[in-house]
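Residue 22 in full-length UniProt numbering sits at position 22 of the sequence shown, with consecutive numbering throughout. Note that CB positions come from ideal geometry on N, CA and C, so glycine has one too.
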Amino acid sequence: MAQEIKVGVRGMTCAACVARVERALKRAEGVEEARVNLTTEEAFLRLQEGVDLKEVLRQVEEAGYEPVVARAEIPVKGMTCAACVARVERAIKRLPGVVSATVNLTAEKAFVEYLPDTVSLARIRQAIREAGYEPLEGTEEARKEAPTYRKDLLLALPFALLTLLLAMGPMLLPLPHFPGFLQALAALPVLYAGRRFFRQALAEARHLAFGMSTLVALGAGSAYLYSFLVLLFPGLFPEEARHLYFEAGAVILTLILLGKHLEEGAKGKASEAIRKLLALRPKTARVVQDGEEKEVPAEALIPGDVVRVLPGERIPADGVVLEGQSHVDESMLTGEPIPKAKGPGDEVVGGTVNGEGALLVRVSRVGEATFLAQMARMVEEAQGHKPKVQELADRIAGVFVPVVLGIALLTFLLWLFLGPGLAHAFVAALAVLLIACPCAMGLATPAAIAVATGRAAEMGLLFRKGTALEALARADTVVLDKTGTLTRGKPTLVRVLPFGLSQEEALRLAAALERGSEHPLAKAVLEAAESLPQAQAEEVRALPGEGVEGRVEGRRLHLGGPALMERLGVPLPEEAKALPEEGYTPLYLVEGTRLLAAFAVFDPPRPEAQEAVAALKALGLKLVLLTGDHPAPARRVAEALGIPEVLAGVRPEGKVEAIRRLQAEGRKVVFVGDGINDAAALAQADVGLAMGSGTDIALEAGDVVLLTPDLRGVVNAVRLARRTLRTIYLNFFWAYAYNVVLIPVAAGALYPFTGLLLNPMLAAAAMSLSSLFVLTNSLRLRAFRPQALPSLNPAASS
1 MAQEIKVGVR
11 GMTCAACVAR
21 VERALKRAEG
31 VEEARVNLTT
41 EEAFLRLQEG
51 VDLKEVLRQV
61 EEAGYEPVVA
71 RAEIPVKGMT
81 CAACVARVER
91 AIKRLPGVVS
101 ATVNLTAEKA
111 FVEYLPDTVS
121 LARIRQAIRE
131 AGYEPLEGTE
141 EARKEAPTYR
151 KDLLLALPFA
161 LLTLLLAMGP
171 MLLPLPHFPG
181 FLQALAALPV
191 LYAGRRFFRQ
201 ALAEARHLAF
211 GMSTLVALGA
221 GSAYLYSFLV
231 LLFPGLFPEE
241 ARHLYFEAGA
251 VILTLILLGK
261 HLEEGAKGKA
271 SEAIRKLLAL
281 RPKTARVVQD
291 GEEKEVPAEA
301 LIPGDVVRVL
311 PGERIPADGV
321 VLEGQSHVDE
331 SMLTGEPIPK
341 AKGPGDEVVG
351 GTVNGEGALL
361 VRVSRVGEAT
371 FLAQMARMVE
381 EAQGHKPKVQ
391 ELADRIAGVF
401 VPVVLGIALL
411 TFLLWLFLGP
421 GLAHAFVAAL
431 AVLLIACPCA
441 MGLATPAAIA
451 VATGRAAEMG
461 LLFRKGTALE
471 ALARADTVVL
481 DKTGTLTRGK
491 PTLVRVLPFG
501 LSQEEALRLA
511 AALERGSEHP
521 LAKAVLEAAE
531 SLPQAQAEEV
541 RALPGEGVEG
551 RVEGRRLHLG
561 GPALMERLGV
571 PLPEEAKALP
581 EEGYTPLYLV
591 EGTRLLAAFA
601 VFDPPRPEAQ
611 EAVAALKALG
621 LKLVLLTGDH
631 PAPARRVAEA
641 LGIPEVLAGV
651 RPEGKVEAIR
661 RLQAEGRKVV
671 FVGDGINDAA
681 ALAQADVGLA
691 MGSGTDIALE
701 AGDVVLLTPD
711 LRGVVNAVRL
721 ARRTLRTIYL
731 NFFWAYAYNV
741 VLIPVAAGAL
751 YPFTGLLLNP
761 MLAAAAMSLS
771 SLFVLTNSLR
781 LRAFRPQALP
791 SLNPAASS
């Protein structure tokens with residue numbers, strides 16, 4: 001069945017744009033009709049059922065226009081297990097105009113991308129409501145409506161113990177046998193404490209979509225109802241079936257409330273990274289106006305305000321230093337413990353800690369625009385993305401509960417007609433219902449992703465997508481950009497070859513010609529000559545594309561590259577001529593046609609690059625150096641670092657094609673670039689890893705962002721991703737193996753050999769413990785420590 005949708009399209013200016021967008025849309029598979037309206041800036045589409053909207057929108061983007069896509073985070077009340085997650089996702093995805101929907105049980109949120117010209121946020125909320133769950137308006141309401149398991153647990157616990165004492169006390173202690181009606185009365189407050197499960201079970205039944213609440217309500221409710229009927233109408237039951245299970249129903253509900261209470265605490269810890277980030281913002285700020293200072297709430301600051309930050313205080317908002325000198329601790333952003341020097345003109349980030357000097361700062365960004373808020377938002381979004389391994393688990397969970405209900409019914413019927421009788425059949429079916437709750441399945445992935453992305457943020461690693469963790473863990477090839485990634489991105493003078501004068505004299509003369517120039521090669525010469533006496537140059541003239549000429553201390557000198565030497569007819573000795581072939585950028589100082597000196601300039605590897613490369617190799621990864629630089633310097637860097645594969649002289653658009661070729665060979669590629677010039681290559685790779693420095697990074701450039709230009713971050717990103725995937729697999733193994741093994745036990749598979757059935761109370765306890773195991777196993781990722789790598793020998797970088 002075809003569906004009709006409208007897509008807003010930005011960037012169209014004329015009829016040619018309209019035609020281009022229409023052609024692009026019609027190229028997408030499954031588009032039956034496409035009409036574009038320039039006036040309303042909308043595209044009207046008729047699509048075949050099951051069309052991937054992401055692919056349709058990608059065609060618009062590739063044509064050079066921007067499809068209008070809205071994003072929303074909707075807190076959802078009432079989800080308890082993986083089956084709930086699958087049900088909410090299906091309800092949202094069925095709506096025309098929904099591009100993607102990911103539901104996170106740990107965060108209790110639905111992350112939705114949708115076309116606002118086709119479907120409204122109100123309609124999406126209504127779909128969630130129709131599925132039997134309650135969408136909340138925002139974070140504050142979500143916090144207000146959060147399950148109060150602690151309050152209900154405190155109500156249930158004493159009455160459950162009382163019910164247990166009334167039922168079991170006479171067997172263990174010298175107590176009289178109490179009437180069954182006392183047990184029924186004592187268990188009633190416990191049923192009230194567990195009312196949420198019964199309400200949710202009714203909602204699930206109305207929509208014929210069964211989840212954990214159905215299993216719990218059937219288990220505890222049937223135990224109470226069965227016992228109550230035995231009390232009221234004992235003649236309806238054979239003598240051997242006249243057992244009371246009030247204590248079983250009460251203890252079952254109490255154990256599950258205890259498990260959910262502990263889960264809530266563990267899930268809170270899993271998302272603690274976001275709260276930690278936002279808690280770093282100070283509550284107040286000291287604003288300077290007309291020479292006077294007054295304290296105001298930090299949230300009241302606006303761009304342009306000037307604030308004074310005293311030593312030891314946190315900076316209240318992002319801004320630029322106007323006055324003062326200090327060192328600022330930015331470890332909460334970068335993970336690096338060494339404070340950074342700050343002075344006039346330097347940027348500072350809200351939440352970082354000022355060191356020893358007072359600073360006067362002009363505010364540049366506040367509220368949601370601050371770097372800290374962006375970090376928190378990225379961490380939360382990453383926790384909402386769903387890896388492929390979880391998608392399979394959710395599909396399984398969607399059919400799991402109906403299968404369990406079928407197994408419980410079959411167990412009841414088999415034991416009723418083939419076994420000892422009604423009581424035996426009832427206990428076995430009850431145990432099956434309780435032990436099979438799929439809570440652990442629903443928590444297996446989101447809990448691990450939440451902990452891992454939070455821990456990564458504390459180390460200066462931002463995962464923009466939780467899916468990047470799985471892709472990074474499976475990667476087998478790391479492609480590294482050279483300039484600014486493997487190297488400093490700053491040319492350095494590494495060798496001076498003098499001919500007829502000293503090295504110091506050659507440097508002094510060259511520096512006189514270059515003084516005042518902003519060219520990177522000139523800066524390299526000037527830095528090398530900083531400690532030498534200065535010489536004065538006159539009649540200095542730049543020679544575009546060749547170098548510079550001028551008079552220094554009465555001598556007419558030229559300084560430049562091979563092209564200038566060729567024009568001047570300067571003969572070069574072999575050792576000077578060989579510099580380009582050795583990977584250096586050469587500069588030659590000449591007087592007339594006589595060579596006075598040759599200078600070798602090189603962009604050296606970063607100090608940590610060699611050990612980081614060795615660590616990546618030790619992880620079993622293949623390394624490729626990909627650069628637009630000339631082959632000779634690229635090979636020199638590759639040889640210095642031990643990178644076997646080099647692709648040099650590649651233009652920016654060629655980098656994308658190079659990555660595609662590697663992917664065509666079956667490789668899973670991580671591309672590491674600086675996040676500015678490499679945006680297309682970062683997007684093409686299976687994982688794009690953008691390196692930056694503090695607030696200078698392009699946050700939208702890669703799937704993973706390193707807040708410091710330190711290659712050791714790449715090593716730790718891979719290690720954390722692999723450990724997270726192992727944790728997820730272990731979580732799934734526990735969740736599924738637990739059910740595979742214990743459901744048959746609960747059904748009575750061991751009864752013929754032992755004569756014993758699994759007590760329903762033990763089944764409920766085991767179910768809660770399985771969820772707690774998954775959560776505590778995920779929380780172990782908080783103990784992940786960055787790999788300590790030895791510092792590089794400085795001689796190795798020259």
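Identity of the residue in the options nearest residue i by Cα
i, options, result
"T487", "E645, V525 and D674", "D674"
"T214", "G50, I435 and V112", "I435"
"E134", "V98, R196, Q503 and E113", "R196"
"L689", "Y584, R594, A542 and L472", "L472"
"G592", "T776, H558, G628 and E581", "H558"
"A658", "A747, V478, A597 and W734", "V478"
"P644", "F773, H519, A749 and L480", "L480"
"P544", "R556, A524 and H519", "H519"
DSSP bridge partner residues for residue i (one or two, in chain order)
i, result
"G550", "L557"
"Q3", "L47"
"M691", "L706"
"I435", "According to DSSP, I435 bridges with nothing at all."
"N354", "V328"
"N37", "E42"
"I74", "A110"
"Y149", "Paired residue(s): none; Y149 is not in a bridge."
"E645", "V624"
"S100", "E113"
"R362", "V306 and V320"
"F671", "V479 and G688"
"V31", "L47"
"P573", "DSSP output for P573 lists no bridge partner at all."
Same chain only: Cβ atoms within 6 Å of residue i, ignoring 5 sequence neighbours per side
i, result
"H424", "W415"
"A16", "none"
"S227", "L244, Y245 and F246"
"R780", "none"
"A193", "D152, L155 and A156"
"V68", "G8"
"R242", "V230 and P234"
"V51", "G30"
Whole-angstrom C-beta distance between residue j and residue i, which should lie under 8 Å
i, j, result
"D703", "R464", "6 Å"
"S364", "G324", "With 8 Å as the limit, S364 and G324 do not qualify as a contact, their Cβ atoms being about 17 Å apart."
"A512", "A535", "4 Å"
"G560", "E546", "5 Å"
"G350", "V328", "Actually they do not touch by this definition, with Cβ atoms about 11 Å apart."
"A63", "E32", "A63 to E32, Cβ: 19 Å. No contact."
"F602", "P491", "7 Å"
"A746", "V432", "5 Å"
"L587", "L526", "Actually they do not touch by this definition, with Cβ atoms about 12 Å apart."
Contact set for residue i: own chain, Cβ-Cβ below 8 Å, skip 5 residues either direction
i, result
"A127", "A91, I92, R94 and L95"
"L789", "Residue placement at L789 is flagged as unreliable, the pLDDT there being 44, under the threshold of 50; a coordinate-derived value is accordingly withheld."
"T118", "I5, K6, V7, P96 and G97"
"T485", "V672, G673, D674, M691, P709 and L711"
"E295", "T284, A285, R286 and V287"
Contacting residues, own chain, Cβ-Cβ under 7 Å from residue i (five flanking each side not counted)
i, result
"S778", "A270, A447, A448, V451, T727 and N731"
"H630", "A648 and G649"
"E145", "With a pLDDT of only 44 at E145, under the threshold of 50, the placement of this residue in the model should not be trusted; the figure read from the coordinates follows. Once the five neighbours on either side are set aside, the close Cβ partners of E145 are K77 and L136."
"L121", "A72"
"E113", "V69, R71, V99 and S100"
"R129", "P135"
"N739", "A436"
(request) Determine contact between the stretch 627 to 641 and the stretch 665 to 672, defined as no fewer than three beta-carbon pairs at a distance below 8 Å. (result) no
(request) Answer yes if the stretch 51 to 61 comes into contact with the stretch 74 to 88, meaning at least three C-beta pairs across the two stretches below 8 Å, and no otherwise. (result) no
(message) Taking 8 Å as the cut-off, does the stretch 297 to 308 touch the stretch 352 to 372 (at least 3 CB pairs, one atom from each stretch)?
(response) yes
(message) Can you confirm whether the stretch 179 to 188 touches the stretch 199 to 207 when touching is taken to mean that 3 or more C-beta pairs between the two stretches lie within less than 8 Å?
(response) no
(request) Examine the Cβ distances between the stretch 343 to 361 and the stretch 400 to 409 and report whether three or more of them are shorter than 8 Å. (result) no
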